[in-house]
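Just so we're aligned, residue 1 is where the sequence shown starts under the numbering used here, counting upward by one.
All C-beta atoms in this analysis are idealised placements derived from N, C-alpha and C, irrespective of residue type, glycine included.
Just so it is clear, the structure is predicted and the values come from calculations on it, not from any experiment.
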Amino acid sequence: MGLHCFPGVLTLIPIQPRSLLRHAVVAATAAVLLPLAQAQAPADWPQHPVTVVMTFPAGSGVDVVARTLQEPLGKVLGQPVVIDYKPGAAGNIASEYVARARPDGYTVVFGTAATHGSNAALYKKMSFDVETDFVPVTPILDVSNVLTINPDVINVKTLKEFVEVVKANPGKFNYASTGNGTGTHMAFAEFNSRLGLNMAHVPYKGGPEAMTAVLKGETCCIMNQVQTVLTQYKAGKVRLLGVTTAKRVAAIQEVPTIAESGLPGAGGFDSSTWFALFAPKGTDPKVVARLNGAVRTVLETPEIRGKLESAGNTIRIETPEQFRQTVHANRAKWADVVKAANVTID
Numbered sequence: 001m002g003l004h005c006f007p008g009v010l011t012l013i014p015i016q017p018r019s020l021l022r023h024a025v026v027a028a029t030a031a032v033l034l035p036l037a038q039a040q041a042p043a044d045w046p047q048h049p050v051t052v053v054m055t056f057p058a059g060s061g062v063d064v065v066a067r068t069l070q071e072p073l074g075k076v077l078g079q080p081v082v083i084d085y086k087p088g089a090a091g092n093i094a095s096e097y098v099a100r101a102r103p104d105g106y107t108v109v110f111g112t113a114a115t116h117g118s119n120a121a122l123y124k125k126m127s128f129d130v131e132t133d134f135v136p137v138t139p140i141l142d143v144s145n146v147l148t149i150n151p152d153v154i155n156v157k158t159l160k161e162f163v164e165v166v167k168a169n170p171g172k173f174n175y176a177s178t179g180n181g182t183g184t185h186m187a188f189a190e191f192n193s194r195l196g197l198n199m200a201h202v203p204y205k206g207g208p209e210a211m212t213a214v215l216k217g218e219t220c221c222i223m224n225q226v227q228t229v230l231t232q233y234k235a236g237k238v239r240l241l242g243v244t245t246a247k248r249v250a251a252i253q254e255v256p257t258i259a260e261s262g263l264p265g266a267g268g269f270d271s272s273t274w275f276a277l278f279a280p281k282g283t284d285p286k287v288v289a290r291l292n293g294a295v296r297t298v299l300e301t302p303e304i305r306g307k308l309e310s311a312g313n314t315i316r317i318e319t320p321e322q323f324r325q326t327v328h329a330n331r332a333k334w335a336d337v338v339k340a341a342n343v344t345i346d
């Protein structure tokens, strides 16, 4: 018997045993096959191009790395990798776009320690959470910044001299960054806070524009990525005074770390960043694992590893779970820096 309802009436409708058995078999079969189909579907991923949404403009440090990985990653995945630029708001525009994308593994964002770390402390009105609205897929590499100066604007040769001149002329010198809240901004903000410097911040729209400003003398300096300043450094157009990592960078081994200066406040200074891929929350763990493994395969290729490391980067290999812990710790670290340096955006 079955229940059938009409307004104000409860009626019993007879159901034939054979029909009942057929419905039961169909339901049981569906219950078995649906989870199986869902479990097997990721094995076919990807079936069409994967889009990597860029947080910063063409020519920026993240773009250089993404372009390096684009073709070999596509070969490993068996589908093309498409780069889609959505720069602005220190990467928040791209991040929000991906946070709202379908969690099918076909749209990921190229994030950084800033876009998925310090931005959470700097921007109070973000429409997404840098942790809960994303699945950390894989880190790609660690990136060192380096204090880069235009000697025509501030003619010093050591970090100690730089600090002395800036302190002797409070408010005279300003520094460039690749945008509010970016790694280049936060590295210099932490540097100023720890060494007691008074320098105004001038944000630009990405790495190329910021470096052009330094070369033109619009600002004295920038904490820019090593890979971004190598060409100008080798051409003698800029000087490098100190790298922001705890250890020297192989590509510019002659440049000391900021911590090596021995200046008050510089001890233990380590303000590096990382690049990584994030997917929307809800993305199938098997898809995440597949993409993580594909990126790892590319990074372990001697040609790609050599190209990235020669530009001053350090390859970072982590599982999705290990990287999730990295993201959490990074967010906490930058929240402390933002508070200590009293940096505000909105």
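Straight-line gap, Q227 to S271 (C-alpha atoms, nearest Å) | 16 Å
When the Cα atoms are used, what is the spatial distance from V32 to G74?
-> Since pLDDT at V32 reaches only 44, below the 50 mark, its modelled position is unreliable, and no value is offered.
Run through the region 58–112 for me and flag every whole beta strand (DSSP E) of 3 or more residues, listed as ranges in chain order.
-> 81–85, 107–112
Buried or exposed by the 16-neighbour rule on C-beta atoms within 10 Å, applied to S310 = Answer is exposed; the Cβ neighbour count stays below 16.
Pairwise C-alpha distance: Q79 and N342 | When the Cα atoms are used, N342 and Q79 turn out to be separated by approximately 45 Å.
7 Å Cβ shell around V62 - same chain, five flanking residues per side excluded | Hits under 7 Å: M54, T55, F56, F110, T112, F275.
Run the CB neighbour count on G293, radius 10 Å, all protein chains shown included, and call it buried at 16 or more, exposed below.
-> Around the beta carbon of G293, fewer than 16 other beta carbons sit within 10 angstroms, so the residue counts as exposed.
N-terminal and C-terminal residue of the alpha helix (DSSP H) that I349 is part of | Missing from the structure shown is residue 349; the chain here goes from 1 to 346 and no further.
Could you tell me the distance, in whole angstroms, from the CA atom of A335 to the CA atom of A121?
-> 5 Å
Just mark V25 as buried or exposed, buried being the case when its beta carbon has 16 or more other beta carbons within 10 Å.
-> Confidence in V25 is poor, its pLDDT being 43 and thus under 50, which makes the residue's placement unreliable; the coordinate value appears in the next sentence. The residue in question, V25, is exposed, as its Cβ has fewer than 16 Cβ neighbours within 10 Å.
What do you reckon, are the CB atoms on I315 and R331 nearer than 8 Å?
-> no
Among L159, L147, T283, P170, the one whose alpha carbon lies nearest that of I222 = Answer by Cα proximity: L147.
Can you give the Cα-Cα distance for V52 and P280, rounded to whole angstroms?
-> In this model, V52 and P280 are separated by some 12 Å (Cα to Cα).
Can you give me the Cβ contacts of F269 inside the same chain, cut-off strictly under 6 Å, excluding the 5 residues immediately before and after it?
-> I258, A259
In whole angstroms, what separates the C-alpha of V338 from that of G282?
-> Within the model, the alpha-carbon separation for V338 versus G282 is close to 30 Å.
Please check the pair V295 and T115, which I expect to be a contact at CB under 8 Å, by giving their CB distance rounded to whole angstroms.
-> Between T115 and V295 the Cβ distance is about 18 Å, and since that is not below 8 Å, they are no contact.
In three-state DSSP terms, what is R239?
-> strand
Go ahead and label Q225 buried or exposed: buried means 16 or more other beta carbons lie within 10 angstroms of its beta carbon, across all protein chains shown.
-> buried
Helix, strand or coil: how does DSSP classify F188 here?
-> helix
Just tell me which of K333, K86, P203, V166 has its CA closest to the CA of H185.
-> P203
Inspect the beta-carbon positions of G206 and G312 and report whether they are closer than 8 Å.
-> Not in contact: G206 and G312 (Cβ atoms no closer than 8 Å).
Round the Cβ separation of G86 and A94 to the nearest angstrom and send it over; I've been treating them as touching at under 8 Å.
-> In the sequence under discussion, the amino acid at residue 86 is Lys, which differs from the Gly named in the question. Right, their Cβ atoms sit about 4 Å apart.
Close Cβ partners of P42 (< 6 Å) along its chain, the five nearest in sequence each way excluded | D284, K286, V287
When you compare only the Cα positions, how much space is there between Q253 and H328?
-> 31 Å
Starting from A200, trace the beta strand (DSSP E) both ways and give me its first and last residue.
-> 200–203
From the DSSP output, in three-state form, read off V255 for me.
-> coil
Near V249, which residues of its chain fall below 6 Å by C-beta distance, leaving aside the five closest residues on each side in sequence?
-> Non-local beta-carbon contacts of V249 in its own chain, meaning distances under 6 Å to residues more than five positions away in sequence, involve S144, V226, V243, G312 in chain order.
Return the CA-CA distance between E218 and K172, expressed in angstroms with no decimal places.
-> 12 Å
Would you call E164 buried or exposed, if buried means 16 or more other Cβ atoms sit within 10 Å of its Cβ?
-> exposed
8 Å CB neighbourhood of V64 in its chain, flanking five on each side removed = Q227, T228, A311
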